[in-house]
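Novice: Those letters in the sequence shown? Residues 657 to 707, per my numbering, in order.
This is the structure I want to talk about, given as structure tokens.
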Amino acid sequence: MAGDGSIKIFDISETKSVPLRIIEEAHKDRVRCGAASSISSHIFVSGNGSC
């Protein structure tokens, strides 16, 4: 999560600190939470608290 509204996805099994994917402007405000689905590896949700 980031203060600029972007989301960066990392493979934590890797020792490199390089994101696998960066989603710029995912939110208009800072991203405050995120969760990966236990049902599908293709689903990730995030929230910024403005809902």
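Don't be surprised by glycine CBs; every beta carbon is placed ideally from N, CA and C.
No experiment lies behind these values; they were computed from the predicted model shown.
Is it buried or exposed for H698, if we count other Cβ within 10 angstroms and need 16 for buried?
Specialist: Looking at its Cβ environment, which holds fewer than 16 other Cβ atoms inside 10 Å, H698 is exposed.
Novice: Can you tell which of G690, F666, S696 and G661 has its C-alpha closest to the C-alpha of R681?
Specialist: In the sequence under discussion, the amino acid at residue 681 is Glu, which differs from the Arg named in the question. Measuring from the Cα of E681, the nearest candidate turns out to be G661.
Novice: For I663 and I678, I'd like the C-alpha separation in whole angstroms.
Specialist: Taking the straight line joining both Cα atoms gives about 6 Å.
Novice: C689 to S702, Cα distance in whole Å?
Specialist: Approximately 6 Å, taken between the alpha carbons.
Novice: Count the other CB atoms within 10 Å of the CB of V674; is the residue buried (16 or more) or exposed (fewer)?
Specialist: Per the 10 Å Cβ criterion, exposed.
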